[in-house]
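Inspection log for the structure reproduced underneath, given as structure tokens.
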């Protein structure tokens, strides 16, 4: 045996910590659920299946004196049910489901649900179990159609819905309990109140060659839910799968003949929120057209049988939040039109089957969203697909994807936070909004989009369309000619050096458009509107060249706030004509703030607003020459421009700042000479060496024009 | 440490700007450094305060809205690392 030493100490044993996935980024399953299919040992034995018999294992919680349940069954069709069906309530008492025979003296008011009240204390102690930690005693209810036969049964009122409704109550509004005491107004669920109560059913076992319709609960889940039912056996001819097992969060085992669903078309919500079922039975779906949310929130299924979905049109939410689903067999999805969230939140699903096709799809809203671990997705070739919003939202393991969706015009959020490295777009359907279309794809290196210019030509909204794609170095051509909203269009593209030429001719919102593109060296515009350009190039530290803007009044933004904030390498904007800022907000400022290498400032500044802090911290700025007669606010305009030696200014009529520049007394005198007469304004000269040599007569040049000089 | 401390302060409400001066020379007044006790302040809107915080309290404004009063220009910010 090897001796493991750390320093001079012997270590007897070590622990090995297994690598683990980070659950905050790539969760692979939901919380641990008990999916055991073993029948709990304390449960009463279920009798063997017997034709015409429905057995229901129920429980009565401790403390209940009049715990009400109801069952209904008939032999026949709706209003022609000629025979009685006995009920064994399981506590030594019996009941009768009345038929509709006209010679039945009890017919009026008795054809319908039969109710029963249980007293926990009167049930045998040896039937006691715990249900969700609460002591309960069991009762086995039998609807006995061995003689009469059964064609239909309904257990929805086991949850107490309408219990006590006199119209359905056997003896008007009262009954006699085991002690022959008249009892009024049952309490579990008065009248028509819907309280989504839990049906006290542990197991259902039904057999009937004539049973062609049944409900073990209502499709209206507010009438009651089978939350604690673990096992269901339906050896019947047929039933409607619609909502049949929905919200049975504890269901572990279900079986029925595959043909029981033959010919049925609507399987909506059939197993919705059956969180614990692991193995689904195979059954006939060959006629199915609608599967909306059929397996939604089946958190424990890992695969599904090879169902026949060849006629299905509606796959909406069909496998939504099947967080343990690892494999989907080669099922035919090709005739489906609606794929809204069909496979979303399948955290364990690594790929779709290789033959997967959505060829007939029209809607794929968030179809594969939150599939954190999905690496492979076949090419989507969907000629009629119009809606791909969020289709790959939060696909954090997907490596590549190819789309051929020539009709898709709803594309917002399609690739929001996806790990794709390469995206191929063969066709889109002229969307008008690319809102967050390919955003935060942190591994994206290539977009192969041959018709990008045509596909983007109709769009007006590009907000964050290509933002935060940290690794991409180039984009295909984008047509923004009709765009009004280009807020953050390519923001946060750290490696992008040269964005495509952008046309902002109609753009009103260009805020943050190319912000935080640290490696971007140039930006060119084929058109530019009088827009809000706040932070448009902020922190583009390597930006050296900008063209197509500030050419004249028409290409000037109206709001400049921090437009070139911290563009450290920007040296020459001498071709700029700054002339159009009209926004009167005091926040309309810092246009070139901290442009540390700016030596050649705009050739003309002829603007009412936007000069506040304009050149603050422009450490390389040595000389400026402007007619500032248009400007109404020059506060702190040159503050901390520490190399500024010469300011040849004229027409200055608004407070202006030169705090901590390098102005000598001669240049200060020249600045004073360029001041206009004002009623009140200040010129801030603190920190300039020239202030120590100012003669009173020099100060008087300014003060005689109404200025206050601060030093 | 803030780059400006004691001195004369003036709040221009219309421009939403707070001026600071060690010395202020106006058309009809002069306020010199360390002679604040000799003036009957305020004069032309100028007050004497020991700190920007004190000035902002005096003017009833939030100092967070006037960062230039507390920024230290000597704290030079380097360019961020570029990926």
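Residue numbers (our numbering), protein chains in the order written: chain A, 908 to 1618; chain B, 3 to 85.
Even glycine gets a Cβ: it sits at the ideal position worked out from N, Cα and C.
Work out the CA separation of residue j and residue i for me, nearest whole Å.
i	j	result
residue 1064 (chain A)	residue 1247 (chain A)	34 Å
residue 1529 (chain A)	residue 1548 (chain A)	8 Å
residue 1105 (chain A)	residue 977 (chain A)	13 Å
residue 1623 (chain A)	residue 1208 (chain A)	This structure does not reach residue 1623 (chain A), given that chain A is present from 908 up to 1618, and the question cannot be answered.
residue 1200 (chain A)	residue 1206 (chain A)	13 Å
residue 1103 (chain A)	residue 1146 (chain A)	23 Å
residue 1000 (chain A)	residue 1045 (chain A)	15 Å
residue 1220 (chain A)	residue 1239 (chain A)	11 Å
residue 1232 (chain A)	residue 1148 (chain A)	22 Å
residue 72 (chain B)	residue 36 (chain B)	21 Å
residue 23 (chain B)	residue 1590 (chain A)	10 Å
residue 980 (chain A)	residue 1115 (chain A)	12 Å
residue 62 (chain B)	residue 29 (chain B)	27 Å
residue 956 (chain A)	residue 1161 (chain A)	14 Å
residue 1607 (chain A)	residue 53 (chain B)	29 Å
residue 941 (chain A)	residue 1428 (chain A)	58 Å
residue 1195 (chain A)	residue 1272 (chain A)	22 Å
residue 1567 (chain A)	residue 1461 (chain A)	35 Å
residue 1177 (chain A)	residue 1252 (chain A)	19 Å
residue 1551 (chain A)	residue 45 (chain B)	32 Å
residue 1541 (chain A)	residue 1447 (chain A)	25 Å
residue 1543 (chain A)	residue 1602 (chain A)	24 Å
In the DSSP assignment, find the beta strand (DSSP E) that holds residue i and state where it starts and stops.
i	result
residue 1509 (chain A)	Segment: none, residue 1509 (chain A) is in no beta strand (DSSP E) and carries neither H nor E.
residue 1203 (chain A)	Where residue 1203 (chain A) is concerned, there is no enclosing beta strand (DSSP E), given that its DSSP letter is neither H nor E.
residue 968 (chain A)	960 to 968
residue 58 (chain B)	Taken as a continuous stretch (DSSP letters only), residue 58 (chain B) belongs to no beta strand (DSSP E), being part of the alpha helix (DSSP H) at 54 to 61.
residue 1515 (chain A)	Per DSSP, residue 1515 (chain A) belongs to no beta strand (DSSP E) and is neither H nor E.
residue 8 (chain B)	Neither: residue 8 (chain B) is in no beta strand (DSSP E) and is coded neither H nor E.
residue 1307 (chain A)	1307 to 1311
residue 1356 (chain A)	Looking at the DSSP string, residue 1356 (chain A) is not in any beta strand (DSSP E), and its letter there is neither H nor E.
residue 975 (chain A)	974 to 981
residue 1038 (chain A)	1035 to 1038
Comparing alpha-carbon positions, which option in the options lies nearest residue i?
i	options	result
residue 1344 (chain A)	A:1395, A:1389, A:1361 and A:1388	A:1395
residue 1348 (chain A)	A:1174, A:1382 and A:1326	A:1326
residue 1487 (chain A)	A:1537, A:1475 and A:1474	A:1537
residue 1484 (chain A)	A:1281, A:1417 and A:1509	A:1509
residue 1587 (chain A)	A:1512, A:1613 and A:1595	A:1613
residue 1056 (chain A)	A:988, A:1039, A:1040 and A:1235	A:988
residue 993 (chain A)	A:1524, A:1002 and A:1535	A:1002
residue 1527 (chain A)	A:1479, A:1121 and A:1516	A:1479
residue 1441 (chain A)	A:1452, A:1467 and A:1460	A:1467
residue 1132 (chain A)	A:1150, A:1143 and A:1117	A:1150
residue 1214 (chain A)	A:1203, A:1409 and A:1193	A:1193
residue 1172 (chain A)	A:1216, A:1211 and A:1599	A:1216
residue 1025 (chain A)	A:1032, A:1007, A:973 and A:1039	A:973
residue 848 (chain A)	A:1452, A:1492, A:1203 and A:1503	Residue 848 (chain A) is absent from the model: chain A starts at 908 and stops at 1618.
residue 1339 (chain A)	A:1358, A:1367, A:1346 and A:1351	A:1367
Between residue i and residue j, is the Cβ-Cβ spacing less than 8 Å?
i	j	result
residue 1377 (chain A)	residue 1360 (chain A)	no
residue 1267 (chain A)	residue 1243 (chain A)	yes
residue 1469 (chain A)	residue 1500 (chain A)	yes
residue 1048 (chain A)	residue 960 (chain A)	no
residue 998 (chain A)	residue 1029 (chain A)	yes
residue 1520 (chain A)	residue 1490 (chain A)	no
residue 1364 (chain A)	residue 1386 (chain A)	yes
residue 1304 (chain A)	residue 1279 (chain A)	yes
residue 1142 (chain A)	residue 1113 (chain A)	yes
residue 1261 (chain A)	residue 1282 (chain A)	no
residue 1397 (chain A)	residue 1383 (chain A)	no
residue 1370 (chain A)	residue 1403 (chain A)	no
residue 1336 (chain A)	residue 1323 (chain A)	no
Taking residue i as the query, report the chain B residues whose CB atoms sit under 7 Å from its CB, ordered along the chain.
i	result
residue 1543 (chain A)	70
residue 1606 (chain A)	27
residue 1525 (chain A)	Neighbours of residue 1525 (chain A) on chain B: none; closest Cβ ~12 Å, over 7 Å.
Quick check on the DSSP output: the alpha helix (DSSP H) that includes residue i runs from which residue to which?
i	result
residue 1606 (chain A)	1603 to 1610
residue 1579 (chain A)	1572 to 1580
residue 1360 (chain A)	1359 to 1362
Residue i CB to nearest chain E CB: under 8 Å?
i	result
residue 27 (chain B)	Here chain E cannot be found, since the structure's protein chains are A and B.
By the criterion of Cβ-Cβ separation under 8 Å, what are the contact partners of residue i in chain B?
i	result
residue 1540 (chain A)	17
Under 9 Å between beta-carbons, which chain B residues line up against residue i? List them in chain order, please.
i	result
residue 1591 (chain A)	21, 22 and 23
residue 1562 (chain A)	14, 17, 19 and 21
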